[in-house]
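**Q** There's a structure below that I have some questions on.
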Amino acid sequence: MTGARRWRLGWWLPILAVALYVTVPVISSIAYAFFPGGELSFEVLSRLTQDPDLGPAITRTLLITALTIVTLIAVLVPAVVAVHLWAPRLRSVLEVLCTLPLVVPPIAVAAGTVALLRWGAQQGRGSLPSRISQFLQHPELPLILVGTYVVLCLPFTFRSVDAGLRTIALKELVEGSASLGSSTVGTIWRVVIPCIRGPVLFSVFFATAVCFGEFAIAATLNRETVPVWLFTVSSTDFRASIALAVLLNLTTWALLLIASFAASRYEVLHRRTPDDPALSASTPAPVSAQEGSTPR
Amino acid sequence: MTIAPSSPPDLQDPAATGGATSSRASVRAALRSPAMITSAPLLLVITLFFLVPIVGMAIVAFTVEGPDGTDGFGLDHFTGLSSRSRAIVNSLLVSFVGSTIAAVVGALAAFCIAQLRHRWLDSVVAVFSSVLANDGGAPLAFAFIVTLGNTGFVFEALGLGAIGFSLYSWQGLVVMYQYFLIPTMIMVTLPTFVGLRREWSEANTALGGGRLTYWLRVGLPIARPALLSGWVLLFGAAFATYASAAVLIGSGAFPLIPLTIASELRSGASSAGEGAAMALGLTMVFVAIIVLLVFNRLQRRAARWIR
């Protein structure tokens with residue numbers, strides 16, 4: 000690497016340029032929101048807390064987030080463990096299904112959902128589809144958002160849990176545990192789940208970040224979550240909306256940071272050591288995760 | 023694919039690797055297996071909240087009211103899209119320009135990061151690129167309004183108004199999209215650049231090749247699938263972006279496909295508007311699936327050399 004030393008500064012330049020580009024908007028928004036007229040002031044925050052609609056929006060968002068996390072973990076983890084253990088063929092089906100939401104734009108999902116809910120509502124007052132439609136888009140707790148947010152989380156969380164299970168000798172663990180007299184459920188609870196703590200934690204934080212930030216579907220369905228409220232308030236109190244945007248952005252970043260630390264803390268997923276064949280073979284990079292599994 | 027002997031085929035069920043002859047039987051067995059029962063809730067959620075809406079959207083998009091008032095199959099909503107060609111052209115233009123710039127800048131940055139092989143930098147980049155790649159929501163647009171809007175800090179400091187820059191146009195969208203596109207590109211291409219083995223460069227030197235020959239004959243050909251797949255992915259991401267564009271542009275001034283869908287949906291239950299929205303939505307799904315297929319194919323080729 001002696002020849003490259005000369006180039007060092009040159010290598011840093013593009014990286015620093017990107018870093019600058021990333022930080023300037025954050026600094027500008029903080030300055031705009033909390034330094035009006037050049038002096039530090041949190042007056043805008045007290046304006047925010049006085050808004051009668053923000054509280055319910057926050058409660059609603061938190062409730063949706065909690066339900067999304069619970070549903071996501073409850074449906075995803077057992078499914079991925081089961082297909083790894085018993086049905087590798089189903090695994091690739093699940094993989095495709097779970098990856099699709101990554102490429103289908105949220106606004107298209109929103110459009111489809113609207114079409115479906117409207118169809119339900121048109122089936123006549125009091126009919127079952129109409130009642131289901133109303134129940135799902137209840138303004139206080141729109142359960143339709145919980146369902147769609149679970150789907151939006153699937154691409155990344157499936158990959159994380161899937162990769163986590165691939166790094167452990169799942170079958171051997173379960174067989175070994177069974178030969179020692181443990182039940183399958185007991186083994187999964189006491190052995191397998193602790194092994195994928197990292198991916199599960201990642202899923203929790205990732206889902207939180209998604210729920211806090213999602214705008215397209217909530218706005219289309221006209222349900223007031225925090226991001227939607229943010230957009231509404233920007234027309235009347237721009238500084239307050241900037242302040243909330245900063246807080247929301249930093250919260251999301253923090254959540255995603257914790258998510259990626261959680262994912263890398265319990266496993267060697269993010270260690271890039273291409274020289275170690277054993278390690279690099281068993282820890283596929285997150286993006287190309289689907290290739291390692293298809294040697295057939 | 024160069025997979026070391028200790029790779030995970032031991033996780034594969036022997037029945038599944040037994041060959042294609044037993045494929046139908048094993049599928050049928052899988053449907054009755056405990057695996058299927060355990061995955062049923064997940065499949066149900068995907069079906070109800072993802073597949074059914076998409077199918078419903080397709081049904082609305084292809085349904086036209088005939089002259090006698092009955093509904094039938096037809097392409098009217100799609101042929102009617104020509105009146106919204108501005109949104110389609112705008113979306114394609116912004117996605118193409120945005121993804122191309124981000125692909126070049128992101129690949130350059132990833133290349134430099136890989137050259138430095140700096141432990142601390144590597145972990146910071148790994149974390150931040152994945153965090154920023156998921157950005158693109160409403161708050162991002164607000165950050166850019168304050169930075170590059172008509173009274174934004176950077177806008178005024180650099181006098182961007184004098185050169186005719188406006189955040190509320192395609193230029194602004196392209197600049198804003200870079201915020202999540204560049205990190206995505208870094209995330210996708212960095213493993214490839216890091217995976218370029220030093221042995222290859224040494225072999226090139228031993229055989230008398232210079233730096234230029236190395237990159238032209240070895241480095242770039244190996245990196246090309248990853249670069250292309252990154253670019254395709256960026257195009258898809260830019261094409262699908264809604265939240266930040268909606269906050270920045272609103273509806274009207276500079277129509278994009280997602281913005282048009284939203285405004286048609288909001289304009290009430292008039293069936294013409296809804297049909298057009300669903301047709302546009304289906305077009306987006308179609309583009310997205312093409313992007314996924316091309317991306318997967320290129321990724322597979324890119325993965326051949328890394329590992």
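Residue numbers (our numbering), protein chains in the order written: chain A, 0 to 295; chain B, 23 to 329. For every residue, glycine included, the Cβ atom is placed at its ideal position computed from N, Cα and C. All values derive from a computational prediction rather than experimental measurement.
(1) In this structure, what does DSSP give as the bridge partners for G94/B?
(2) Would you call the stretch 244-251 of chain B and the stretch 153-160 of chain B touching, i.e. three or more CB-CB distances under 8 Å?
(3) Could you check what DSSP says for G217/B in three-state terms: helix, strand or coil?
(4) Identify the contact partners of S240/A in chain B, using a Cβ-Cβ distance below 8 Å as the criterion.
(5) Using the three-state DSSP reduction, which class does L278/B fall into: helix, strand or coil?
(6) Let's test the definition: count the other Cβ atoms within 10 Å of the Cβ of Q321/B and tell me whether it reaches 16, buried, or not, exposed.
(7) What does the alpha-carbon distance come out to for the pair T250/A and T224/A?
(8) Rounded to whole angstroms, what is the Cα-Cα separation between I1/B and A184/B?
(9) Measure the Cβ-Cβ separation of L189/B and L203/B and say whether it is below 7 Å.
(10) Please report how far the alpha carbon of S45/A lies from the alpha carbon of I257/A, in whole angstroms.
(11) Just to confirm, does A262/B get its C-beta within under 6 Å of one of the non-hydrogen atoms of the ligand ADP?
(12) Please give me, in chain order, every unbroken run of the alpha helix (DSSP H) with length at least 4 that falls completely inside the stretch 217-267 of chain B.
(13) Using a Cβ-Cβ distance cut-off of 7 Å, determine whether T67/A contacts chain B.
(14) Starting from the beta carbon of A310/B, find every residue of chain A whose beta carbon is closer than 8 Å, and list them in chain order.
(15) By the criterion of Cβ-Cβ separation under 7 Å, what are the contact partners of I302/A in chain B?
(16) Can you look up V103/A in the DSSP assignment and give me helix, strand or coil?
(17) Residues of the stretch 63-89 of chain B with a CB closer than 7 Å to any CB of chain A: list them in chain order, please.
(18) When you check each C-beta in the stretch 144-169 of chain B against every C-beta of chain A, which residues fall closer than 9 Å?
(19) Along the chain, where does the alpha helix (DSSP H) containing N112/B start, and where does it finish?
(20) May I have the straight-line CA-CA distance separating T48/A from G54/A, to the nearest angstrom?
(21) How would you label T173/B, buried or exposed, when you count the other beta carbons within 10 angstroms and need 16 or more for buried?
(22) Answer yes or no: does any C-beta atom of chain B fall closer than 7 Å to that of F204/A?
(23) Under 7 Å, do V313/B and G252/B count as touching if we go by C-beta distance?
(24) Can you have a look at S28/A and say buried or exposed, based on whether 16 or more other CB atoms are within 10 angstroms of its CB?
(25) Quick one: grab the DSSP three-state call for F157/A.
(26) Mind checking if W10/A is an interface residue toward chain B, Cβ cutoff 7 Å exclusive?
(27) Put E94/A into one of helix, strand or coil per three-state DSSP.
(28) Drop a sphere of 10 angstroms on the beta-carbon of S37/A, count the other beta-carbons inside from all chains shown, and report buried for 16 or more, exposed for fewer.
(29) Quick one: complete alpha helix (DSSP H) runs, 4+ long, within the stretch 154-216 of chain B?
(30) L64/B and V23/A: beta carbons closer than 7 Å?
(31) Beta-carbon separation of P154/A and L101/A under 7 Å?
(32) Under 7 Å between the Cβ atoms of M207/B and A124/B?
(33) Taking its Cβ as the centre, do 16 or more other Cβ atoms sit within 10 Å of R59/A, making it buried, or is it exposed?
(34) Out of Q193/B, V146/B, D90/B, V316/B, point me to the one whose CA is closest to L115/B's CA.
(35) Indicate whether at least one CB of chain B lies closer than 7 Å to the CB of S178/A.
(36) Under 7 Å Cβ-Cβ, which residues of chain B neighbour G212/A?
**A** From the atom records:
(1) DSSP lists V86/B as the beta-bridge partner residues of G94/B.
(2) Between the stretch 244-251 of chain B and the stretch 153-160 of chain B there are fewer than three inter-stretch CB-CB distances shorter than 8 Å, so the stretches are not counted as touching.
(3) Of the three classes helix, strand and coil, the one that applies to G217/B here is helix, per DSSP.
(4) Close to S240/A, with beta-carbon spacing below 8 Å, are these residues of chain B in chain order: F164.
(5) Assignment of L278/B by DSSP, reduced to helix, strand and coil, places it in the coil class.
(6) Q321/B should be labelled buried.
(7) Their backbone Cα atoms lie some 15 Å apart in a straight line.
(8) There is simply no residue 1/B to check, as chain B begins at 23 and stops at 329 in what is shown.
(9) The Cβ-Cβ distance between L189/B and L203/B does not fall below 7 Å.
(10) Pairing S45/A with I257/A, the inter-Cα distance amounts to about 28 Å.
(11) In the structure shown, the ligand ADP is absent, as is every other ligand, since no ligand is present at all.
(12) Fully enclosed alpha helix (DSSP H) runs of 4 or longer: 220-228, 242-262.
(13) Chain B, which has no Cβ nearer than 7 Å to the Cβ of T67/A, makes this no.
(14) Residues of chain A passing the Cβ test: V102, V103, P104, A107.
(15) Nothing in the structure corresponds to residue 302/A, since chain A is present only between 0 and 295.
(16) Three-state result, V103/A: coil.
(17) Close to chain A, meaning a Cβ-Cβ distance shorter than 7 Å, are the following residues of the stretch 63-89 of chain B: P63, L64, V67, I68, L70, F71, F72, V74, P75, I76, G78, M79, V82.
(18) Under the 9 Å Cβ criterion, the stretch 144-169 of chain B contributes D144, S145, V147, A148, V149, F150, S152, V153, L154, N156, D157, G158, G159, A160, P161, L162, A163, F164, A165, F166, I167, V168, T169.
(19) For N112/B, the uninterrupted alpha helix (DSSP H) segment begins and ends at 107-138.
(20) Roughly 8 Å separates the two Cα atoms.
(21) Exposed, because fewer than 16 other Cβ atoms sit within 10 Å of the Cβ of T173/B.
(22) By the rule that beta-carbons nearer than 7 Å mark a contact, F204/A does not touch chain B.
(23) Between V313/B and G252/B, the gap from beta carbon to beta carbon reaches 7 Å or more.
(24) By the 10 Å Cβ count, S28/A comes out buried.
(25) Of the three classes helix, strand and coil, the one that applies to F157/A here is helix, per DSSP.
(26) It does: the Cβ of W10/A has a partner Cβ on chain B nearer than 7 Å.
(27) It is helical.
(28) As written in the sequence, residue 37/A is Gly, which differs from the Ser given in the question. Exposed is the call here.
(29) 160-170, 175-180, all fully within the stretch 154-216 of chain B.
(30) Not closer than 7 Å, so no.
(31) Note that the C-beta distance between P154/A and L101/A is below 7 Å.
(32) With a cutoff of 7 Å on beta-carbon distance, M207/B and A124/B are scored as near each other.
(33) By the neighbour-count criterion, in which a residue is buried when 16 or more other Cβ atoms sit within 10 angstroms of its Cβ, R59/A is buried.
(34) Between L115/B and the set Q193/B, V146/B, D90/B, V316/B, the nearest pair of CA atoms involves Q193/B.
(35) Among the residues facing chain B, S178/A is not included, as its CB has no counterpart in that chain under 7 Å away.
(36) For G212/A, the neighbours in chain B by C-beta distance under 7 Å run, in chain order, G159.
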